[in-house]
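Residue numbers in the sequence shown follow the working numbering, run continuously in steps of one, and reach 207 at the last position. To start, the structure under review is shown below, and the notes come after it.
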Amino acid sequence: MKNALGRTALTLSLLTSLTGCPLLLIGAAGAAGGGVLAAADRRTLPTQVEDRRIQSIANARFIRALPDEAHISTTVFNRRVLLTGEVPGETEKQKAESMVREIANVGGIVNELAIRGASSIGARSMDAYLTTRVKAALVAAKHLSANNLKVVTERSIVYLMGLVSIDEGKRAAAVASQVPGVQQVVTVYEYIQQKPAPVSTAPE
């Protein structure tokens with residue numbers, strides 16, 4: 004896998020949760036903002052609009068230039084593009100990444116395209132179901148704002164994007180890894196500074 008992330012520093016590590024589901028952490032340091040619902044989104048409104056523009060352009064280019072055998076899902080968060088799905092070969096994988104790189108204002112690319120046959124409709128339906136289950140688990144989790152996370156599932160592999168603190172990212176990955184049916188959790192985070200807890204003083 005080749006990840007083009009411009010000048011953004013990456014932290015890559017492989018962990019295993021208590022349930023045995025692997026957690027692949029791809030964290031990018033140095034940013035501010037992130038989310039899914041506009042009202043609670045840490046991204047600025049112009050960035051949210053830009054993300055939708057980048058996604059729309061990428062999808063249109065893939066439809067025109069790549070073979071029907073290719074199945075590509077494009078997710079954009081804070082101008083970082085996550086490519087998931089399946090393509091026939093390495094040529095198509097690199098072509099998809101190159102087409103995204105040519106789009107203005109793309110801040111980075113994480114190319115998770117698998118070289119294999121396209122997933123079946125049944126498999127994609129299961130992925131959609133797992134995404135719903137993971138989102139529900141994140142909403143139910145304590146001390147975690149699901150609004151700051153985006154969930155994508157391909158072949159039972161769950162990808163988490165968001166602008167989060169290190170602690171938030173770890174908690175979210177742990178929650179997702181415990182959802183039945185999830186084979187692996189891959190985090191594509193941009194980390195933000197976590198505000199220190201207020202210091203309490205004893206009353207005089």
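Heads up, the beta-carbon is just placed ideally off N, CA and C, and yes, glycines get one too.
For K153, the uninterrupted beta strand (DSSP E) run begins and ends at 152 to 157, by DSSP.
Excluding its 5 nearest sequence neighbours in each direction, R55 has C-beta neighbours in its own chain below 8 Å: V79, listed in chain order. Under the DSSP assignment, G172 falls in the alpha helix (DSSP H) whose first and last residues are 169 to 180.
Taking the C-beta atoms as reference points, V137 is found nearer than 9 Å to V178.
When DSSP states are grouped into helix, strand and coil, Q196 belongs to the coil group. According to the DSSP assignment, E89 belongs to the beta strand (DSSP E) that extends over 83 to 90. Collapsing the DSSP output to three states places A107 in coil. When secondary structure is reduced to three states using DSSP, A121 falls in the coil class, being assigned neither helix nor strand.
By the Cβ neighbour-count rule, A99 is buried, with 16 or more other Cβ atoms within 10 Å of its own. By the neighbour-count definition (other C-beta atoms within 10 Å, threshold 16), L141 is a buried residue. Around the beta carbon of I118, fewer than 16 other beta carbons lie within 10 angstroms, which makes this residue exposed. Here DSSP, grouped into helix, strand and coil, assigns V142 to helix.
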